[in-house]
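Residues 460 to 1152 (my numbering) make up the sequence shown, in order.
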Amino acid sequence: MINIAIAVLFLPLIGFVVTVFLGSKIKQIYFFENIIMFLSLAGAIILAFFKLSSFGDTTISSEFVWIDLGNTPLMGDIKITLGIMLDNIAVMMIVVVMLISFLVHIFSIEYMRGDPRYNRYFAYLGLFTFSMSGIVFTHNILMMYIFWELVGLSSYLLIGFWFEKKSASDAAKKAFIVNRIGDVGMFIGIMMLYNAYHTFTFDEIFYQISIGNLPFNSEFWLTVTGLLIFAGAIGKSAQVPLHVWLPDAMEGPTPVSALIHAATMVAAGVYLIVRIFGIFTADAMLIIALIGALSALIPATIALTQNDIKKVLAYSTISQLGYMIMALGVGAYTFAFFHLITHAFFKACLFLGSGSVIHGMHNEQDIQKMGGLRKKMPLTYYTFLIASLAISGIPLTSGFLSKDGILAGTFAFANLTGHWLFPIVGFFVAMLTAFYMFRVIILTFHGEPKNREKYEHAHESKFVMVMPLVLLAGLSFFFWYTPNPVNPNDGWVLSEWIKAPELYTPESTRYDFMIPDEEYISHIGTSSEMMYSEKYAEALHAAHYPAMILSLLMAGLGILTAFLFYQWKKISVDKLAERFKALYNWSLNKWHFDELYDATVVAGTVGFSRLLGAFDLKVIDGIVDGAASVTRGFSSFIGKFDNIVVDGLVNFMAYLSGFIGLIFRRFQTGKVQTYLIFVLISIVLLLFLFKSF
């Protein structure tokens, strides 16, 4: 199974390397990438089948030493390992990643046809799939961070694939920079864990926490560490306040939106929280739940007024991810991951459905310019409708099961802790979700066409584009997950496969209702379900039917309101918008988050840069220029001293030597007789001198 996992991990990388290097030479090389993805999907399905059927209660892992620096003076023994861990969550997640990626590959064959960088596009898809697979399979947080950054790189390449468009290149840079903000916090948190435990492996970290070994011997620092790592999830899963990159990322090709912004990349943040769930304290989980609630509410209110079909789905994605984060914060671990799976399928269906509409409408994305497409694109319409029913939480769909579990979890949490904000937000967002999704359906597919010319040329997409929609819509029904259409707890997915991790943290760091009985905690190295106290179990059971009934009422109210506004036109949208103009504009302008960031973060960064520029110009350059002036003056003095004094002495000696030479040259006659006379005169003088002494 480990060998199969390694093959599933590296096959997309092989596809990337071959496609990117041979893309300019072999026009049909994209077929190789698609075959690679089919093999990866087959491997993932085989892996999940054997793991879930034969080793459902066992965690399978394998590791090797990557870096061994021995015993260092400052950090002690440094040994870093990399490895693969296969548990139920990992094998289920890899099937989701590979299935969505394969369907996006198939959809893109027709959607991207004719693009000048056609093969490069498929190569980038392969790189992204490899990066995401590394996050899923890893057994330690450092390896996760490495692949985390690779996901950021590949998403940058895909979002900015049409880089000749300024909006696309700007969106890619925005996504990359905003994600780096969260990743810095994540990296600091990882280093704090390593400083405390000298390991990156999940099980070893959890074991150290379980015996009371906390960072800096403080629960406060354990909370800080967990929240710093959570910052990475805030960026990657586009949670408030780092959500601003996701709507702009819709500038990339629509299949990329389905792959990255619906099912995989943005889900990586939720997957991270699922993986490290054991280190969060009660305070950290409360903050996580609050961030999730805000991220569910704010984007849902923004989606109400957006007219770009992909922007509506983008804000819907942020809202649904907020649902998952909130569920994790209130302890509804199982339902959070369950919603991650169901959401991946129906949201990918919605994004690919929007791509089919855009393709059929010749790149038109404004829903106010559509209408009447139900007759022109029936398969796209019905698949889009099924996925919309699922995200709205309508019975017989997968979304009904997972959202019902999340809402019941928030309801039970509120009953036990008094934090009623979370169920209120959850149910209100359920109504908003149903409203804005059916607003899109009615304006896009119902009524009369707004643009008759484009409508006349609209047509149903080809088989390679429609087939993924049908498959994903089929996966949005309940029977794939449970035989009971109204109670997800009766299903095999929840009762047998999705199990919360052991409760590793000390009792004082958890909500009291989340503390398990000792008999349910097995030794490290096995996989066991977190067993909540009877108090929480009873609250969750009691909340199931009230939550289900209330969520149905809210979803029904949202759908009914959408029909009143846009289908039957019983209420004038324009008059209502004019009456509540401030609120309407607030939603239309996306709560002015971009303007806020422009006025604070961007303006602050630019202002700080100008301050540094002025400091560099006035102070640093002033010091450098002053030093240059002093050096130049001193050099001038040295030059003059050299010219006048040193050169003067040298020249004087030269002149003196020349003068003496001129004098003695007179005595050099070349006549021997003359030299004999000089010798005799010299002897006489010497004798005279010696006689005098």
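All residues carry an ideal CB built from backbone N, CA and C; glycine is no exception. Since we're looking at a predicted model, the values are computed, not measured.
Residue environment for Val-899: buried (at least 16 other C-beta atoms within 10 angstroms of its C-beta).
By the neighbour-count definition (other C-beta atoms within 10 Å, threshold 16), Ala-1086 is an exposed residue. Separation of Asn-943 and Gly-694 (C-alpha to C-alpha, rounded to the nearest whole angstrom) is 36 Å. Rounded to whole angstroms, the gap between the alpha carbons of Ile-594 and Val-563 is 20 Å. In the structure shown, Thr-682 adopts helical secondary structure according to DSSP, grouped into three states.
With fewer than three CB-CB distances shorter than 8 Å, the region 762-778 does not count as touching the region 733-753. In this structure Lys-835 is in contact with His-918, their Cβ atoms being roughly 6 Å apart against a cut-off of 8 Å. Closest option to Trp-1027, judged by alpha-carbon separation, among Phe-897, Arg-572 and Phe-1118: Phe-897. The beta-carbon distance between Gly-728 and Ala-692, rounded to whole angstroms, is 3 Å. This is short enough to meet the 8 Å contact definition.
The bridge partners DSSP lists for Leu-541 are Phe-523. Per the DSSP secondary-structure output, Thr-1059 pairs with nothing in a beta bridge. For Gly-868, the closest C-alpha among the options Leu-848, Gly-788, Thr-801 and Thr-1090 is that of Gly-788. When DSSP states are grouped into helix, strand and coil, Leu-673 belongs to the coil group. Around the beta carbon of Leu-586, 16 or more other beta carbons sit within 10 angstroms, so the residue counts as buried.
Remark: C-beta atoms of Asn-599 and Thr-682 do not approach each other more closely than 8 Å.
Contact annotation, Ala-889 with Ser-775: C-beta distance approximately 12 Å; criterion of less than 8 Å not satisfied. Distance from the Cα of Pro-674 is smallest, within the candidate group His-657, Ala-690 and Phe-689, for His-657. Taking the Cα of Thr-1020 as reference, the smallest distance to any Cα among Met-1007, Ile-1008 and Leu-1035 is reached at Leu-1035. DSSP, read as helix, strand or coil, puts Gly-573 in coil. Burial check for Ser-754: the Cβ neighbour count within 10 Å reaches 16 or more, so the residue is buried.
Contact between Arg-572 and Gly-482 fails: their C-beta atoms lie close to 15 Å from each other, not under 8 Å. Minimum Cα-Cα distance from Ala-549 among the listed residues Lys-510, Phe-581, Glu-522 and Leu-558 corresponds to Lys-510. For Ala-773 against Phe-805, the beta-carbon gap comes to about 15 Å, at or over 8 Å, which does not count as contact. Put simply, the backbone Cα of Ala-871 is about 16 Å away from that of Ala-741.
Distances from the CA of Ile-784 to each of Ala-726, Gly-830, Tyr-895 and Ser-813 were compared; the closest alpha carbon is that of Ala-726. Comparing alpha carbon positions, the residue from Leu-844, Gln-667, Arg-734 and Ser-560 closest to Ser-716 is Ser-560. Gly-814 and Val-476 have their alpha carbons spaced roughly 27 Å apart. Residue burial is scored here from C-beta neighbours: Ile-636 has fewer than 16 other C-beta atoms within 10 angstroms and is therefore classed as exposed. Listed as beta-bridge partners of Asp-767 by DSSP are Asp-825. Look at Leu-528 here: in three-state DSSP terms it is strand. For Asp-629, the enclosing alpha helix (DSSP H) begins and ends at 625-656. Separation of Lys-624 and Ser-1094 (C-alpha to C-alpha, rounded to the nearest whole angstrom) is 55 Å. Judged by their CB atoms, His-798 and Lys-862 are nearer to each other than the 8 Å cut-off. As DSSP reads the structure, Phe-936 sits in a beta bridge with Thr-856.
Annotated three-state conformation of Asp-1033 is helix, per DSSP. For Gly-933 and Leu-718, the gap between their C-alpha atoms comes out near 18 Å.
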